[in-house]
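>
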Amino acid sequence: MKKITLLLTLVTSLLSALLAGCGSSAGGQKELKIGATAGPYSDQLRKGIKPLLEEKGYRVTIVEFQDYVQPNTALLSGSIDANVFQNTAYLDNYIKEQQADLTGIIPIPTVPMGVYSKKHRSLDDIREGTRISLPNDPTNQARALGLLQTLGLVKLRPDADALHVSEKDIAENPKQIQIVPLEAAQLPRSLDDVDYAVVNGNFALASGWKLSDALKLEQTPKPYIIVLTVRTADKDKPFVKDLVEAYRSPSFDELIDREFQGFIKPEYAKEVGQ
Numbered sequence: 008m009k010k011i012t013l014l015l016t017l018v019t020s021l022l023s024a025l026l027a028g029c030g031s032s033a034g035g036q037k038e039l040k041i042g043a044t045a046g047p048y049s050d051q052l053r054k055g056i057k058p059l060l061e062e063k064g065y066r067v068t069i070v071e072f073q074d075y076v077q078p079n080t081a082l083l084s085g086s087i088d089a090n091v092f093q094n095t096a097y098l099d100n101y102i103k104e105q106q107a108d109l110t111g112i113i114p115i116p117t118v119p120m121g122v123y124s125k126k127h128r129s130l131d132d133i134r135e136g137t138r139i140s141l142p143n144d145p146t147n148q149a150r151a152l153g154l155l156q157t158l159g160l161v162k163l164r165p166d167a168d169a170l171h172v173s174e175k176d177i178a179e180n181p182k183q184i185q186i187v188p189l190e191a192a193q194l195p196r197s198l199d200d201v202d203y204a205v206v207n208g209n210f211a212l213a214s215g216w217k218l219s220d221a222l223k224l225e226q227t228p229k230p231y232i233i234v235l236t237v238r239t240a241d242k243d244k245p246f247v248k249d250l251v252e253a254y255r256s257p258s259f260d261e262l263i264d265r266e267f268q269g270f271i272k273p274e275y276a277k278e279v280g281q
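Residues in the sequence shown are numbered from 8 upward in steps of one, following my numbering.
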């Protein structure tokens with residue numbers, strides 16, 4: 008009887024160990040929380056990345072944020088395992104200012120910033136005193152000012168760092184445009200009050216605008232491509248490698264071509280699409 012009891016105990020222990028092993032990969036985790044701003048990047052996760060991870064046994068939760076502050080705070084606190092919302096320039100600036108131990112892993116298909124308006128159908132309507140809202144965070148404000156310079160609306164100091172310019176670096180403003188800095192998420196709503204808004208693409212799409220509604224889209228420079236970000240301590244973990252594999256997969260590339268037309272693709276997507 009004792010032998011039977013001992014045998015049952017051993018079998019139970021073995022089964023428990025095997026079941027526990029089903030809940031984690033080799034040295035990794037199987038429950039993932041990934042943060043993203045509401046809009047195209049959370050949609051990409053939901054439609055293209057989550058299904059691929061679930062095929063590998065992950066239980067994936069997508070956590071949506073409404074601004075550019077919370078996603079990194081949540082990542083650093085351990086509330087989420089990765090986030091998808093920021094470009095390389097923003098991440099580099101955040102790491103420098105906050106001494107944050109974060110690492111960008113892989114660039115992803117990115118929606119360009121654009122100039123939108125509810126009151127005007129053309130940029131030709133810009134007159135003296137026209138009010139234009141743009142992001143108030145340093146990285147995206149520099150990006151927006153660069154777009155305004157491309158349009159010939161302002162001229163920035165030639166010695167200014169293009170990635171860190173601000174209103175103070177405007178050397179010429181021939182039409183005396185009134186710059187209205189706002190939190191990026193508020194820019195679509197500001198269109199009721201201003202003439203034009205320079206809006207990050209994710210917030211434009213999340214507000215119901217289409218890329219074709221933009222009066223001008225930027226040619227997105229490399230520093231402004233969105234990047235998957237994790238805690239530096241996690242960068243070599245299996246779940247990060249699986250995330251990278253999902254973003255580089257043919258099925259995800261096909262999803263971008265089908266449902267996210269106009270997005271700027273990373274260099275690796277050219278190889279995937281061949």
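Cβ coordinates follow ideal geometry from the N, Cα and C atoms, glycine included.
In this text the structure is predicted, and so the values were computed from the model without any measurement.
(1) Would you list, in sequence order, the uninterrupted beta strand (DSSP E) runs of no fewer than 3 residues that lie entirely inside the stretch 117-186?
(2) Residues in the same chain with beta-carbon distance under 8 angstroms from residue 54, minus the five sequence neighbours each way, listed in chain order, please.
(3) Give the DSSP-derived three-state secondary structure of residue 75 in the structure shown.
(4) Near residue 28, what residues of its chain come up, given a Cβ to Cβ distance below 6 angstroms and the 5 sequence neighbours on each side ignored?
(5) Using the Cα positions of residue 276 and residue 110, report the straight-line distance between them to the nearest angstrom.
(6) Residue 142 and residue 194 look like a contact to me (Cβ under 8 angstroms); what is the Cβ gap, rounded to whole Å?
(7) Of the choices 204, 150 and 44, whose alpha-carbon is the least far from that of residue 184?
(8) Short of 6 angstroms in beta carbon distance, which residues of its chain neighbour residue 90, apart from the five on each side in sequence? Order them along the chain.
(9) Does residue 239 pass the burial test, meaning 16 or more other C-beta atoms within 10 Å, or should it be called exposed?
(10) Alpha carbon to alpha carbon, what distance is there between residue 66 and residue 37?
(11) Residue 258: which of 222, 74, 60 and 225 sits nearest, CA to CA?
(12) Taking buried to mean at least 16 other C-beta atoms within 10 Å of its own C-beta, is residue 225 buried or exposed?
(13) What's the gap between the Cα of residue 31 and the Cα of residue 62?
(14) Here's the rule: buried if 16 or more other CB atoms are within 10 angstroms of the residue's CB, otherwise exposed. What is residue 116?
(15) Below 8 angstroms on the Cβ atoms is my guess for residue 282 versus residue 191; work out the distance and round it to an integer in Å.
(16) Just verifying my parser: in three-state terms, what is the DSSP assignment at residue 210?
(17) What did DSSP end up calling residue 193 once you bin it into helix, strand or coil?
(18) Rounded to the nearest angstrom, what separates residue 264 and residue 69 at their Cα positions?
(19) Between which residues of its own chain and residue 34 is the CB-CB distance below 8 angstroms, once the five residues before and five after are set aside?
(20) Starting from residue 95, trace the alpha helix (DSSP H) in both directions and tell me its first and last residue.
(21) Between 84, 51, 133 and 73, which lies nearest to residue 201 when the distance is taken from Cα to Cα?
(22) Contact defined as beta carbons within less than 8 angstroms: I believe residue 152 pairs with residue 163. What is the distance between those atoms, to the nearest angstrom?
(23) Using three-state DSSP, classify residue 324 as helix, strand or coil.
Quick look at the numbers:
(1) Fully enclosed beta strand (DSSP E) runs of 3 or longer: 121-123, 138-142 and 177-179.
(2) Position 47 of the sequence shown, counting from 1, holds the residue named residue 54. 262 and 266, listed in sequence order.
(3) Working through the sequence shown from its first residue, we reach residue 75 at position 68. In the three-state reduction of the DSSP assignment, residue 75 falls in the coil class.
(4) For the purposes of this step, residue 28 is identified with residue 21 of the sequence shown, where counting begins at 1. Note that residue 28 scores 38 on pLDDT, short of 50, meaning its location in the model is unreliable; the coordinates nonetheless yield the value given after this. Cβ contact annotation for residue 28 (same chain, cutoff 6 angstroms, sequence separation greater than five): none.
(5) For the purposes of this step, residue 276 is taken as the residue at position 269 of the sequence shown. For the purposes of this step, residue 110 is taken as the residue at position 103 of the sequence shown. Distance between the alpha carbons of residue 276 and residue 110: 21 angstroms.
(6) Your numbering for residue 142 matches position 135 in the sequence shown. Your numbering for residue 194 matches position 187 in the sequence shown. The distance from the Cβ of residue 142 to that of residue 194 is about 7 angstroms, consistent with a contact at the 8 angstroms cut-off.
(7) Stepping through the sequence shown from its first residue, residue 184 is reached at position 177. Checked all of 204, 150 and 44; the closest Cα to residue 184 is 204.
(8) Along the sequence shown, read from residue 1 onward, the residue named residue 90 stands at position 83. The answer, listed in chain order, is 42, 78, 82 and 236.
(9) Walking along the sequence shown from the start, residue 239 turns up at place 232. Per the 10 Å Cβ criterion, exposed.
(10) Here the question's residue 37 lines up with position 30 in the sequence shown. Here the question's residue 66 lines up with position 59 in the sequence shown. When only Cα atoms are considered, residue 37 and residue 66 end up about 6 angstroms apart.
(11) Counting from one through the sequence shown, the residue named residue 258 turns up at place 251. Relative to residue 258, the option among 222, 74, 60 and 225 whose CA is nearest is 60.
(12) Residue mapping note: residue 225 aligns to position 218 of the sequence shown, counting from 1. By the 10 Å Cβ count, residue 225 comes out buried.
(13) For the purposes of this step, residue 31 is taken as residue 24 along the sequence shown, with counting starting at 1. For the purposes of this step, residue 62 is taken as residue 55 along the sequence shown, with counting starting at 1. The predicted model places residue 31 with a pLDDT of 38, which falls under 50 and marks its position as unreliable; any figure quoted below should be read in that light. Answer to the nearest angstrom: the Cα atoms are 14 angstroms apart.
(14) Position 109 of the sequence shown, counting from 1, holds the residue named residue 116. A buried status is given to residue 116, since no fewer than 16 other beta-carbon atoms sit within 10 Å of its beta-carbon.
(15) In the structure as shown, the chain starts at 8 and stops at 281, and residue 282 therefore has no counterpart that could be examined.
(16) Here residue 210 is taken as the residue at index 203 of the sequence shown, counted from 1. Helix at residue 210.
(17) Position 186 of the sequence shown, counting from 1, holds the residue named residue 193. Reduced to three states, the DSSP call for residue 193 is helix.
(18) Position 257 of the sequence shown, counted from the first residue, corresponds to residue 264. Position 62 of the sequence shown, counted from the first residue, corresponds to residue 69. Whole-angstrom Cα-Cα distance: 22 angstroms.
(19) The sequence position of residue 34 within the sequence shown is 27, counting from 1. Low confidence applies here, because residue 34 scores a pLDDT of 46, under 50, leaving its location unreliable; read the following figure in that light. Counting only Cβ-Cβ distances below 8 angstroms, and skipping sequence neighbours, we find 244 and 245.
(20) Stepping through the sequence shown from its first residue, residue 95 is reached at position 88. Taken as a continuous stretch (DSSP letters only), the alpha helix (DSSP H) holding residue 95 covers 95-105.
(21) Within the sequence shown, the letter at position 194 stands for residue 201. Comparing Cα-Cα distances from residue 201 to each of 84, 51, 133 and 73, the minimum goes to 133.
(22) One-based indexing of the sequence shown puts residue 152 at position 145. One-based indexing of the sequence shown puts residue 163 at position 156. Cβ atoms of residue 152 and residue 163 come within 8 angstroms of each other, at about 6 angstroms.
(23) Residue 324 lies beyond the residue range present for the chain, which begins at 8 and ends at 281; the question has no answer from this structure.
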